[in-house]
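Novice: Each residue of the sequence shown is one higher than the one before, starting from 30 at the first, in our numbering.
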Amino acid sequence: MSDAAAIKSNNWQSSILFSLFVPLFYFAAIFCYIRWRLDPALIYQCQVPPFLWDDQFFTRFLEFPGGLVIYLSHLFSQFYYFPVSGALILTACLFFTFLLSRAIIKHFFPKLKNSLAAYLPSIFTLILLSQYEHPLSYTLAWLLSQLFFVLYLKIQCMSAFIRFLAFMLQVSVLYYAAAGFYLLFAAMAILTEILFKKSLLLGAVYSLFMLGIPQLAQSAFILTTKSAYFYLLLPIYDYRPFLTPYILYLYFPLLLVLAQSGLLDSINRFVFHRIQYRIAIVFLFLLTGLAALLSFDSTMYKVLKVDYLARQREWHKLLTFVEKRPSDDILVAYQTNRALYHLGRLSSDMFSFNQNWRVNGLFLPDEARKFFSIQVSDLYWDMAFLNESEHWAQEDHSNYSFGPRHLQRMATISILKGNTSLATMCLDALAKTILYRDWAYDHKKYIDYPELVDTNSYFVYLQDMQITKNFIITSGYPEHDMDMLLQINPENVAAFEYLMAYYLLTFRLGEFIAKLQSATCLKEPYFPRHYQEAILVYLHSTQWRERESLWDGIHVKTVAQFNDFTKILRRYNGDAYTAQDELKKKYGHTYWYYSLFNNPETRQKSS
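#1: Beta carbon of Trp468, beta carbon of Gln423: below 8 Å?
#2: By Cβ distance, which residues of its chain are closer than 7 Å to Pro355, with the 5 residues on each side in sequence left out?
#3: To the nearest angstrom, how far is the alpha carbon of Glu520 from that of Trp171?
#4: Could you say which of Val113, Pro112, Thr88 and Phe111 lies nearest to Leu8 if we only look at CA atoms?
#5: Buried or exposed: where does Met187 fall if 16 or more other Cβ atoms within 10 Å of its Cβ makes it buried?
#6: Nearest-angstrom Cα distance between Leu612 and Arg599?
#7: Please say whether Leu415 and Pro433 have beta carbons closer to each other than 8 Å?
#8: How would you write the range of the alpha helix (DSSP H) that Gln384 sits in, first residue to last?
#9: Quick one: grab the DSSP three-state call for Glu222.
#10: Can you confirm whether the segment 57-69 touches the segment 131-140 when touching is taken to mean that 3 or more C-beta pairs between the two stretches lie within less than 8 Å?
#11: Can you tell me whether DSSP reads Gln633 as helix, strand or coil?
#12: Between the Cα of Tyr73 and those of Gly95, Leu279, Arg340 and Ala215, spot the shortest distance and give me the residue it belongs to.
#13: In angstroms, rounded to a whole number, what distance separates the CA positions of Tyr560 and Leu534?
#14: Measure from the alpha carbon of Ala216 to the alpha carbon of each residue in Arg192, Ala195 and Ser174, then state which is nearest.
#15: With distances taken from CA atoms, which of Leu145, Leu141 and Leu203 is nearest Leu169?
#16: Residues in its own chain within less than 6 Å of Ile442 by CB, not counting five upstream and five downstream?
#17: Measure the Cβ-Cβ separation of Tyr205 and Glu222 and say whether it is below 8 Å.
#18: Classify Pro479: buried if its beta carbon has 16 or more other beta carbons within 10 angstroms, exposed otherwise.
#19: Taking the alpha-carbon of Lys331 as reference, which of Phe312, Val361 and Tyr306 has the nearest alpha-carbon?
#20: Where does Arg307 land, buried or exposed, given buried means 16+ other C-beta within 10 angstroms?
#21: Whole-angstrom Cβ separation of Tyr260 and Ala320, contact assumed at under 8 Å?
#22: Assuming contact is defined by CB atoms lying nearer than 8 Å, are Thr120 and Ser151 in contact in what I supplied?
#23: Would you call the segment 361-380 in contact with the segment 106-123, where contact means no fewer than 3 C-beta pairs closer than 8 Å?
#24: Considering only the alpha carbon of each residue, which of Ser144, Lys353 and Asn389 lies closest to Glu508?
#25: When we look at the beta-carbon of Asn385 and count the other beta-carbons within 10 Å, is it buried (16 or more) or exposed?
#26: Using 8 Å as the threshold, is the C-beta distance between Ile463 and Phe80 below it?
#27: Buried or exposed for Lys353, going by 16 or more other Cβ atoms inside 10 Å?
#28: Go through its chain and collect everything with a Cβ distance to His618's Cβ below 8 Å, but skip five positions before and after it.
#29: Measure the CB-CB distance between Leu408 and Ile359 and report whether it falls below 8 Å.
#30: Could you give the distance in angstroms between the alpha-carbon of Tyr555 and the alpha-carbon of Gln609?
#31: Quick one: measure Cβ to Cβ for Leu333 and Tyr161, integer angstroms, because I've assumed they're closer than 8 Å.
#32: Between the alpha carbons of Met329 and Ala233, how many angstroms are there, rounded?
#33: Please look up how many angstroms separate the CB atoms of Tyr429 and Val77, rounded, as I've assumed it's under 8 Å.
#34: In terms of residue numbering, what span does the alpha helix (DSSP H) encompassing Tyr258 cover?
#35: Considering only the alpha carbon of each residue, which of Leu141, Leu123 and Cys122 lies closest to Arg131?
#36: My parser needs the alpha helix (DSSP H) runs of 4 or more residues fully inside the segment 448-491; what are they?
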């Protein structure tokens, strides 16, 4: 076989390898990354996109440019809830990005159709999809603009008049479907006409039409000038990735300019050998892996994972996750404390976990509640404080219309309160969803047959705990609300444990002791561990003179540990910060350690 024939054979084999087998393994690897690392269920947890199978809901998206893409985005995003289907959808987006990119490159640069250049847009898109806040609508709009450009390239051999008519139709449809992304298609079509077809006149006409269509749209839709031109383009509105969108937008226009300027001519003389293809394949996987590694938001992943596990009421898994991957985020602290309560460990293991947020990690401050309104509703639901839980569900509704979580909460509370009209309204909306339809049908039986409420043990518990007396809520003073709940129902365990945790975190041990002695919901012979520790701190501060009756609830083992704790301090001449390492190693999970190193009075003395 001649050298030329050998080179041709190697080229053919390498081309088959790069065009068929590499994409197969490449996108299979991306699917695995999305499924097991990124986790589409967490994207759903972050965005909770609303969607109803309803004509009225669909019609809302026909009232403005870009609505169709947003509607499809909400539809497809429902399936993020299931990790496998979510990973398939996102992988399909990346695969179609590759196919369209390869089609464009094949038209202008045939030698590059199976090169790294065809994969780069997929890598940029993967970076965007790795951001949990990234709405699918932006990716769908970009794909639609590239699809329209590929279709436009198919008619390049036709007359200028046919191309003009096609451009007018495509820009009009694309503007209505994908809003600002029409600019990307129009810019690429203009560059094609000017640089490759040498049709300056047609390029100028295209430019005028591109600039004029948003002006026409403002007469048909209620739009600001900025929205008319740029709606849906990533860097313009609230979701603003730093650089990647610009690179993705400019990628093909820059390739067209570089090609026409002759800077890519050397590629036409470059002959790929098998070894060069192998190097390119290795580089492709390394580059993609690096992009995935750098774009993955591990902090957001932790927060969303914890919030997701709380939503699923997987309390054991939540605590295991937090122990393995600690986080300083306030929502993580909040949901960790909820998990501890539900597992009966808040009063005995709270200080085994990060409590740096102090009271804010129990109740969330006002500035955080506006962002986490449904999570606040969850806490009051735990306490059977139905009115306040409903209030925060309504707050969530005002921020996120048709959100399934608040619709479920409002429906359930309305059933318990006998408000059948509101319950029916919420259940009818949920019955039009994809994910919550069965839940809605199951709960409609409580409206049709109210007596069935008494057969649901949890509903009976909530009704028994329900607040029967009105009082003014003071979100800035949660201890007041908890105290009022206990006055109304002393058996409200959630209110009691959260109030006691509040006293511990704020070092109000006098009030803690008083509430402890009047408690009726403690059944064990010994107080919970942290309560024992706090009692010893209190008795030590009062020279052991007061509350001798409290000794009955303290285990002898706890007393021995407290003596050892104070012994370590004495060994360091009472210098807490010199003794901190040893104290943390042995007693970092105790209230003693927390009160010593988080008490403002202690810190002030040490300074």
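All C-beta atoms in this analysis are idealised placements derived from N, C-alpha and C, irrespective of residue type, glycine included.
Specialist: Answer, in terms of the structure:
#1: The residue given as residue 468 occupies position 439 in the sequence shown. The residue given as residue 423 occupies position 394 in the sequence shown. For Trp468 and Gln423, no; Cβs fall outside 8 Å.
#2: To locate residue 355, count along the sequence shown from 1; it is residue 326. The residues are Asn383.
#3: The sequence position of residue 520 within the sequence shown is 491, counting from 1. The sequence position of residue 171 within the sequence shown is 142, counting from 1. Distance between the alpha carbons of Glu520 and Trp171 is about 57 Å.
#4: Since the first residue of the chain shown is 30 and the last is 636, residue 8 is not available in this structure.
#5: Taking the first residue of the sequence shown as 1, we reach residue 187 at position 158. Per the 10 Å Cβ criterion, exposed.
#6: Reading the sequence shown from its first residue, position 583 is the one you call residue 612. Reading the sequence shown from its first residue, position 570 is the one you call residue 599. Taking the straight line from one Cα to the other gives about 12 Å.
#7: In the sequence shown, residue 433 corresponds to position 404, counting from 1. In the sequence shown, residue 415 corresponds to position 386, counting from 1. Not a contact, by the Cβ cut-off of 8 Å.
#8: Here the question's residue 384 lines up with position 355 in the sequence shown. First-last for Gln384: undefined, no H or E at that position.
#9: Taking the first residue of the sequence shown as 1, we reach residue 222 at position 193. DSSP places Glu222 in helix when its eight states are reduced to three.
#10: no
#11: Indexing the sequence shown from 1 puts residue 633 at position 604. Bear in mind that a pLDDT of 44 at Gln633, under 50, signals an unreliable position, so the model cannot answer this.
#12: Taking the sequence shown and counting its residues from 1, one reaches residue 73 at position 44. Among Gly95, Leu279, Arg340 and Ala215, the Cα nearest to that of Tyr73 belongs to Arg340.
#13: By 1-based counting over the sequence shown, the position of residue 560 is 531. By 1-based counting over the sequence shown, the position of residue 534 is 505. Taking the straight line from one Cα to the other gives about 12 Å.
#14: Taking the sequence shown and counting its residues from 1, one reaches residue 216 at position 187. The shortest C-alpha separation from Ala216 is found at Ser174.
#15: Stepping through the sequence shown from its first residue, residue 169 is reached at position 140. Nearest C-alpha to Leu169: Leu203.
#16: In the sequence shown, residue 442 corresponds to position 413, counting from 1. Within the same chain, Ile442 has close Cβ partners Leu415 and Glu419.
#17: As a working note, residue 205 is residue 176 in the sequence shown. As a working note, residue 222 is residue 193 in the sequence shown. Not in contact: Tyr205 and Glu222 (Cβ atoms no closer than 8 Å).
#18: The residue given as residue 479 occupies position 450 in the sequence shown. The residue in question, Pro479, is exposed, as its Cβ has fewer than 16 Cβ neighbours within 10 Å.
#19: The residue labelled residue 331 in the question sits at position 302 within the sequence shown. With distances taken between Cα atoms, Lys331 lies closest to Val361.
#20: What you label residue 307 is simply residue 278 of the sequence shown in a count that begins at 1. Per the 10 Å Cβ criterion, exposed.
#21: Here residue 260 refers to the residue found at position 231 of the sequence shown. Here residue 320 refers to the residue found at position 291 of the sequence shown. That pair is no contact at about 28 Å.
#22: What you label residue 120 is simply residue 91 of the sequence shown in a count that begins at 1. What you label residue 151 is simply residue 122 of the sequence shown in a count that begins at 1. Going by C-beta atoms, Thr120 is not nearer than 8 Å to Ser151.
#23: no
#24: By 1-based counting over the sequence shown, the position of residue 508 is 479. Here the closest residue by C-alpha is Asn389.
#25: Against the sequence shown, residue 385 aligns to sequence position 356. So Asn385 ends up on the exposed side.
#26: Along the sequence shown, one-based indexing puts residue 463 at 434. Along the sequence shown, one-based indexing puts residue 80 at 51. Against a cut-off of 8 Å, the Cβ pair of Phe80 and Ile463 comes out as a contact.
#27: Within the sequence shown, numbered from 1, the residue matching residue 353 stands at position 324. It counts as exposed.
#28: In the sequence shown, the residue the question calls residue 618 occupies position 589. Within the same chain, His618 has close Cβ partners Asp378, Phe380 and Ser381.
#29: As a first step, residue 408 is located in the sequence shown; it is residue number 379 there, counting from the start. As a first step, residue 359 is located in the sequence shown; it is residue number 330 there, counting from the start. Not a contact, by the Cβ cut-off of 8 Å.
#30: Position 526 of the sequence shown, counting from 1, holds the residue named residue 555. Position 580 of the sequence shown, counting from 1, holds the residue named residue 609. Approximately 29 Å, taken between the alpha carbons.
#31: The residue given as residue 333 occupies position 304 in the sequence shown. The residue given as residue 161 occupies position 132 in the sequence shown. Leu333 to Tyr161, Cβ: 6 Å. Contact.
#32: By one-based count along the sequence shown, residue 329 stands at place 300. By one-based count along the sequence shown, residue 233 stands at place 204. In a straight line, the C-alpha of Met329 is about 46 Å away from that of Ala233.
#33: Counting from 1 along the sequence shown, the entry for residue 429 is found at position 400. Counting from 1 along the sequence shown, the entry for residue 77 is found at position 48. Indeed they touch by this definition, with Cβ atoms about 7 Å apart.
#34: Here residue 258 refers to the residue found at position 229 of the sequence shown. Looking at the DSSP string, the run of the alpha helix (DSSP H) that includes Tyr258 is Thr254 to Phe259.
#35: Taking the first residue of the sequence shown as position 1, residue 131 is located at position 102. The candidate whose alpha carbon is nearest that of Arg131 is Leu141.
#36: 449-459, 466-472 and 474-477
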